[in-house]
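Q:
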Amino acid sequence: MAMQTSTVRPYAESDFAQLVELLRQRAPIPGQPRVSSEMVQAALNGTSPIDGGWWAELTNLRHLVVPDNGNLAGAVAVGTSKADGAGYLLWLAADDNEVVETLVDAAVSALEGTSVQRAFSFATALDEGLEGLPVRLRPVVHQALLSRGFAGEDMWVYMRRDLTATDSMLADDDLVAAFTVSDGEDPQSWRITADGGADEGVVVIGLLPSGTGIVEWLHVDDAHRGRGLGKAVLSVGLRHLVSLGATEAILYVDHDAPETERDRAAALALYEAAGFEVVDHLHSYERPGS
Ligand SMILES: CC(C)(COP(=O)(O)OP(=O)(O)OC[C@H]1O[C@@H](n2cnc3c(N)ncnc32)[C@H](O)[C@@H]1OP(=O)(O)O)[C@@H](O)C(=O)NCCC(=O)NCCS
1466 MAMQTSTVRP
1476 YAESDFAQLV
1486 ELLRQRAPIP
1496 GQPRVSSEMV
1506 QAALNGTSPI
1516 DGGWWAELTN
1526 LRHLVVPDNG
1536 NLAGAVAVGT
1546 SKADGAGYLL
1556 WLAADDNEVV
1566 ETLVDAAVSA
1576 LEGTSVQRAF
1586 SFATALDEGL
1596 EGLPVRLRPV
1606 VHQALLSRGF
1616 AGEDMWVYMR
1626 RDLTATDSML
1636 ADDDLVAAFT
1646 VSDGEDPQSW
1656 RITADGGADE
1666 GVVVIGLLPS
1676 GTGIVEWLHV
1686 DDAHRGRGLG
1696 KAVLSVGLRH
1706 LVSLGATEAI
1716 LYVDHDAPET
1726 ERDRAAALAL
1736 YEAAGFEVVD
1746 HLHSYERPGS
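In my numbering, each number is its position in the sequence shown, counted from 1, plus 1465.
1. Listed by chain order, which residues have C-beta atoms less than 6 Å from any heavy atom of ligand 1?
2. Express the C-alpha separation of Ser1513 and Gln1506 in angstroms, rounding to a whole number.
3. Need the endpoints of the alpha helix (DSSP H) that Asn1510 sits in, please.
4. To the nearest angstrom, how far is it from the Cα of Ala1732 to the Cα of Ser1700?
5. So is Gly1702 buried or exposed if we call it buried at 16+ other beta carbons inside 10 Å?
6. Which two residues bound the contiguous alpha helix (DSSP H) that contains Asp1574?
7. Looking at His1689 and Glu1726, is the spacing between their C-beta atoms short of 8 Å?
8. Per DSSP, what kind of secondary structure is Tyr1623 in: helix, strand or coil?
9. To test your reading of the DSSP string, which unbroken beta strand (DSSP E) runs of 3 or more residues are found completely within the segment 1658 to 1739?
10. What does DSSP give as the partner residue(s) for Gln1582 in the beta ladder?
11. Going by beta carbon distance, what residues of the same chain come within less than 6 Å of Ala1467, once the five residues before and after it are set aside?
12. Take the Cβ of Arg1704 as the centre, count every other Cβ of all protein chains shown within 10 Å, and call the residue buried at 16 or more, exposed below.
13. Is it buried or exposed, Asp1745, if we count other Cβ atoms within 10 angstroms and call 16 or more buried?
14. Go ahead and pull the three-state DSSP assignment for Ala1559.
15. Let me confirm a value: Thr1677 is counted as buried when at least 16 other C-beta atoms fall within 10 Å, else exposed. Which label applies?
16. When you compare each of Leu1602, Ala1521 and Ala1477 to Gln1497 by their alpha carbons, which one comes out closest?
17. Should Ala1739 be listed as close to ligand 2, given that the test is whether its C-beta is under 7 Å from any heavy atom?
18. Taking all protein chains shown into account, do 16 or more other C-beta atoms lie within 10 angstroms of the C-beta of Ala1722, making it buried, or fewer, making it exposed?
19. In three-state terms, what does DSSP make of Arg1527?
20. Report the rounded CA-to-CA distance for Val1591 versus Lys1547, giving the unit in angstroms.
21. Return yes when the Cβ of Leu1554 is within less than 8 Å of the Cβ of Val1543, no when it is not.
22. Name the one or two DSSP bridge partners that Glu1593 has.
23. Spell out the partners DSSP gives Arg1474 in its beta bridges.
24. In chain order, what residues of the same chain have a beta carbon less than 8 Å from the beta carbon of Ala1730, not counting five sequence neighbours either side?
25. Does DSSP put Phe1615 in a helix, a strand or coil?
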C-alpha cells in the first residue's frame, strides 16, 4: 500500500496512543519486554532506568513523527549534549525504507549545527539496556544511517537463553555450597564468588524490571583460568536467577576492542558453551557535524 510519507511534523501529545501502538507493532527483540505506555512516557520525558546519566546530559530533546492516515508510520527522537554540543539521534521507530530515510534526514537537519552527530549511543527507556542498534533485527535503520554518512561501530554482542528449573547447565547443590551470594551494588543485583568471598571467580547477576535475568559481569583471575571456574560460577548464577523466578537470561558482551586486553573471545565461547545464543550485534554510529 502506498503511504504518504513525505511529511514529518513534531510529535504532539495527542499522538501518544499511536506512538505506543507503533512501537508495539515492531518485530519484537528477543529477551526484551513488550513496550508499555510507561516506557514510552519515560522515553518522551527524557529519562531512562539504564544510562540515565547520559539522558540527564541532554537538552533540546525533540520528537518528530511521520503521520499516516490517523496513525503514525514512524517516529524519531533527537537531542543535544549539554556537555560537548554533540547531537544525538536517540531512537527511531520505523521499518519502511522510505519512512526511515525521511526520519534520518529529518533528524540530521534537526541536529544541524552540532559539532558531531551520534546515533544509538546509549540505552533508552524503550528496552532493557540495548546500548546500540540491533543491526540484524533493524536492517533498514542500519542501512539508512550508513547511506546518510554515519559510520557504525560494532559495540556489543547481545545474547540470551531460556532458563528452566530442569536445565542441565544449572549448578547442583554441592557446587552451590562452594559459592557465596551477596548483594550487588545495584538494587536487584547479586554478586556470587568462591566461598569466603574470594574473588578468583565472580559473577554479577541481576533481575530486570520485566523479570528477565541478566548476567552483568563475569571474571576469573588469570591464574585460575582454564580449569572450569568460569563455567562453575556462571552455573551458580543461572541457578540463582531461576530461584528468583527468571525464565530467561540475557547478557551484553562488549565487543569494541578485539585482540586487546579486553578481547572477549574466551567469554563468548564460554557463554555459547553455556547455551546462550547470539541475538544480534549492537552498533553505535557517528558522523561529522553539519
Ligand atoms: C571468560 C572467563 C571468565 C572464562 O573463565 P575460565 O574459568 O577460564 O573458563 P572455564 O575454564 O570455565 O571454561 C569454560 C568454557 O569456556 C570456553 N573458554 C574458556 N576460555 C577460553 C579461551 N581462552 N578460548 C576459547 N574458549 C574458552 C570453553 O568453551 C570452555 O569449555 P571447555 O574447557 O570445555 O572447552 C575468563 O577468561 C575471564 O575472566 N576473562 C576476562 C573477563 C571477561 O571477558 N569477562 C566477560 C565480560 S562480558
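No residue lacks a Cβ here, since even glycine has one placed at the ideal position from N, Cα and C.
On a predicted model such as this, the values are computed, not experimentally measured, just so you know.
A: Checking against the coordinates, here is how it stands:
1. Leu1683, His1684, Val1685, Arg1690, Gly1691, Arg1692, Gly1693, Leu1694, Gly1695, Lys1696, Val1718, Arg1729, Ala1730, Ala1731, Ala1732, Ala1734, Leu1735 and Ala1738
2. 10 Å
3. Ser1502 to Asn1510
4. 14 Å
5. buried
6. Note on identity: in this sequence residue 1574 is Ser, with Asp being the wrong assignment. Its alpha helix (DSSP H) spans residues Asn1562 to Ala1575.
7. no
8. strand
9. 1663 to 1672, 1678 to 1685 and 1713 to 1719
10. Gly1552 and Arg1752
11. Low confidence applies to Ala1467: its pLDDT is 48, below 50, so where it sits in the model is not reliable enough to give any reading.
12. buried
13. buried
14. coil
15. buried
16. Leu1602
17. You won't find ligand 2 in this model; what it holds is ligand 1.
18. exposed
19. strand
20. Residue 1591 is actually Leu in this sequence, not Val. Whole-angstrom Cα-Cα distance: 22 Å.
21. yes
22. In DSSP, Glu1593 forms no bridge with anything.
23. Val1530
24. Pro1723
25. coil
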